[in-house]
Structure formats: structure tokens, C-alpha cells
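Everything on this sheet refers to the single structure shown next.
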DNA sequence: TACTTATTGAGAATAATCATTAAGAAGCCG
DNA sequence: CGGCTTCTTAATGATTATTCTCAATAAGTA
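Protein chains in written order, with this note's numbering: chain A, 64 to 212; chain B, 64 to 212.
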């Protein structure tokens, strides 16, 4: 599991710094119930409720930074705003199937996708950070509702 | 001088449309006293005062669009926000010298800069939209004030 | 302990989303 | 031919999301 000290090491390696805010954000995501993900706004409110308020600027900055570092995954579940979740290694690595009508989201696993992503990145000399298959579709329940597309 | 009908022609050529809002924005810039330039917010307020209110979204969208079309020039006079002015052809084409302390701005001309820009763009097969030399400096008056840098 | 400079927070500037409106193209007809 | 109606889809406005700027702070290093 990704620890605060490995975060610090990775940051320092690039001349960046471990701040209390970054530590807090990492911990929030690590303690999040499985399958949950947060938007910037969600995280902002959650932190306020816990009395650990962090400014929205800092939240946006660090969500982006930690995604680029491969610590978080940036999910495009619904249109209009992004969600984030912790990026876990192989046995927990998963993908998303989203109903574009009701936004119901299902996580599923498929090792061959990750393998293919890893292989492709390697072949091109890229350093893999994350590899996610996102499927937008219409769930059975919404299909039955017969609403027009 | 750039006319409404040439704007319409250029827009339509790309499958875009001439709207009353775009026409209004063009006219505002054409009637602006020489050497004046507006920020998005300036333009928004100016239009409200004239009773021709256009939404901020539309203003931002069109300032960017018209800059990319080469109709307006996007100026970075002071940090933090952009200013726009009409983009005029050769005899009126000019550059800017800005005091980074007091923001006093001087326009100056230099045909060889435009020629060089045109030549460079052409050599690379680029289509020239605008070519501006922006000089940030400290004006004599601010130098005399002896404030620390 | 001092020093450099990345980071934060607050606020302003800019971009993106989505439902609604309307520009321009195409087809009709007198 | 021109005016009128229909149709497609770009553009608008309102709102929300995100980025940027700057002065003040503090992490890591010497």
C-alpha cells in the first residue's frame, strides 16, 4: 500500500515537498470505502466537515499533481466534473462501466487490459501511470424505462 | 478596414455563424479610441452600460475566437488578465513597451519586425495572424522613484 | 539556524457543460 | 428569381468547474 513516506520520497526526488495538505489528501483517499470516489468539491466539503479544511485551489492543484504522479486516478464518470480515487496495484486494479442515463457505476476487473496497457507503454518507452477502460452504456433498468434517447 | 461582411464571410467559410453578439463586439473594438484596449471584464461592463449586455461566457468565447481568426490581438500588458485590441494592417501595426511597475504602456512601430514575422511564418508554411513584440521594462519615472525591485 | 524556493490560500480570471435559441442551408412555390 | 417554411447544428446564457496570480508561509537543505 502506498504510504506517506513513499509519497514524500517521490515528491522529494523531484524537488517537491510533502505538506500536511498532501498528506491529508492521501489519507482521505486511502481510507475511502472501496469503490468510492470523490470530486474536488466533495473532497473540499468532506475536509471541512472533519475540521481539516484545505483551500479549493490547493485541492485542485494536488488532485491533478497526484494523478500525474500515478497515485490517484482521474475518472470521467459523469460529464461536467471529474472524480478521483486511489490508484491501486494489480489485484485491485479495476475498470468502470457507467450508465450514461442514471450514472450507476460498476467496477470490473480484467487483468489482460492492464497487461496490454503495460506492454504498449513499454514498447513505446513510456512510463505507465494508470490504465483504465471506461465504458459508457445504458443499464438494463434504464433500457426498460423506454425514455427517448 | 475590417467590415462586418468580411467577418461574416470568414465565419461562414468555416461553417461558423455571424451573430448579433459577434457583430457588436467587432464594432466596439473598431470604434475604440486609438491605443485603447479592453479586458473581457471591461468589455462586459461597457456593453452593459450601453444596454447591449452580452454574457461573460460569450465574451470570453468570442474574444478568443476572434484572436485566433486574427481579427483581434491578445495583449499581455499586465499579469493576471488579458487585454484585446483590434488587429490592424501594416501602417497601423504596432508593438508595446510596458512598465512593469506602473503599467504605463507605449505603442511603437517597427516595420522590420512585422516583415521578419511574416517571412518566418512563410518559411515554415504558417499562416500569419499577428506578430507583436512586447517589451516589459521599467520606465524612467519609476526608475527615479528608487523603490526596491 | 539560516536560506531558498515550492506551496498555500484567497480571490480573480477563464473554461466547460447543458438546455435553449437562432443562423444559415435547403426545399417549395408563386 | 425572391420570399417563406423547415431543418440542422452552431452559438448563447446561466451556471458550475477549473485555472491562474500574488503575497505570505513553511519544507527541505546547507
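Glycine included, C-beta positions come from ideal geometry on N, C-alpha and C. Here the structure is a predicted model, which is why all the values come from computation and not from measurement.
Residue 198 of chain B carries a strand assignment under DSSP once its states are collapsed to helix, strand and coil. Across the structure, residue 169 of chain A and residue 161 of chain A are spaced so that their CA atoms are roughly 6 angstroms apart. The secondary-structure analysis by DSSP pairs residue 148 of chain B across a beta bridge with B:136.
Every alpha helix (DSSP H) stretch that sits fully inside the region 64 to 126 of chain B and reaches 4 residues is listed by chain position as 67 to 76, 83 to 93, 103 to 112. Rounded to whole angstroms, residue 198 of chain A and residue 179 of chain A show a C-alpha spacing of 17 angstroms. Counting along the chain, the unbroken alpha helix (DSSP H) around residue 177 of chain B starts and ends at 174 to 186. The DSSP-derived three-state label of residue 160 of chain B is strand.
Going by C-alpha positions, residue 138 of chain A is about 23 angstroms away from residue 111 of chain A. With respect to the C-alpha of residue 200 of chain B, the residue from B:175, B:194, B:164 having the closest C-alpha is B:164.
Contact annotation: residue 157 of chain A and residue 172 of chain A have beta-carbon atoms nearer than 7 angstroms.
Under the DSSP assignment, residue 170 of chain B falls in the beta strand (DSSP E) whose first and last residues are 168 to 171. Selection B:142, B:174, B:192, B:143 evaluated against residue 154 of chain B yields B:174 as nearest (Cα-Cα). Residue 144 of chain A and residue 190 of chain B have their C-alpha atoms some 36 angstroms from each other.
Contact between the region 103 to 121 of chain A and the region 65 to 77 of chain A is absent: fewer than 3 CB-CB pairs across the two stretches fall below 8 angstroms. A check of alpha carbon separations from residue 119 of chain B across B:135, B:148, B:102 identifies B:102 as the nearest. Shown here, residue 189 of chain B sits in coil according to DSSP, grouped into three states, outside any helix or strand. Inter-residue distance for residue 184 of chain B and residue 147 of chain B is about 22 angstroms (C-alpha atoms, whole angstroms). Looking only at A:83, A:202, A:72, the smallest Cα-Cα distance to residue 166 of chain A is reached by A:202. Of B:95, B:125, B:177, B:93, the smallest CA-CA separation from residue 196 of chain B is found for B:177. Spanning the alpha carbons of residue 97 of chain B and residue 149 of chain B requires a straight line of approximately 10 angstroms.
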